[in-house]
Amino acid sequence: MASPIFKYMACLIIAGLVLAQPLGAQPDEILLNHSKVFGHSRQHPVRFSHGKHMNDFDCLDCHHRYKNKKNVLDKAELEEGSPAAQCTTCHNPKSNCQLQTVFHKLCLGCHTKLQKAGRESGPRLCIYCHPREPFAVKGGL
Numbered sequence: 025m026a027s028p029i030f031k032y033m034a035c036l037i038i039a040g041l042v043l044a045q046p047l048g049a050q051p052d053e054i055l056l057n058h059s060k061v062f063g064h065s066r067q068h069p070v071r072f073s074h075g076k077h078m079n080d081f082d083c084l085d086c087h088h089r090y091k092n093k094k095n096v097l098d099k100a101e102l103e104e105g106s107p108a109a110q111c112t113t114c115h116n117p118k119s120n121c122q123l124q125t126v127f128h129k130l131c132l133g134c135h136t137k138l139q140k141a142g143r144e145s146g147p148r149l150c151i152y153c154h155p156r157e158p159f160a161v162k163g164g165l
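Using my numbering, you'd call the opening residue of the sequence shown number 25 and step up by one each time.
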């Protein structure tokens, strides 16, 4: 029979392992393939390194919900699969906020700004975001 100290230590270890996992964690790589929004596209889907961006930037640098020119989105809403984490919730054919324009303005704008500041930057040419070779990625928005 296990001693009370052993049971207590086992509970602490299990609790530590559970709490060590990021709550609502997103996959490291996300396939941005919005075929429902874009229909047939001449560009290939984008393999987005969500993990790298999470290390270098705040969630609200990219995810947003603007009211009176202020981002009012709460980070707690950004759990995987939630409507707030899905770009197409607001950026869709029925809205004035076209998804492709938003992606290009946000991604390219940030990459260009970083490059001008002499910092490491992401790609700025189509082919580097939309590679021609097929690839397999976990996740997708």
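Even for Gly, the Cβ is constructed at its ideal location relative to N, Cα and C.
Between P51, V96 and P69, which has its C-alpha nearest C150's C-alpha?
Of the listed residues, the one whose Cα sits closest to C150 is P69.
In the DSSP assignment, find the beta strand (DSSP E) that holds L56 and state where it starts and stops.
Start and end: E53 to L56.
Taking all protein chains shown into account, do 16 or more other C-beta atoms lie within 10 angstroms of the C-beta of H128, making it buried, or fewer, making it exposed?
Exposed, by the Cβ-count rule.
With DSSP as the reference, please indicate the residues paired to K94 in a beta bridge.
K91, per the DSSP bridge assignment.
Between the CA atoms of N79 and R143 - distance to the nearest angstrom:
Near 15 angstroms, if we compare the C-alpha coordinates of N79 and R143.
Below 8 angstroms between beta carbons: does that hold for T112 and H58?
In contact: T112 and H58 (Cβ atoms closer than 8 angstroms).
Should C121 be labelled buried (16 or more other beta-carbon atoms within 10 Å of its own) or exposed?
Exposed, by the Cβ-count rule.
How is the alpha helix (DSSP H) around F127 delimited, first residue to last?
For F127, the enclosing alpha helix (DSSP H) starts and ends at L123 to F127.
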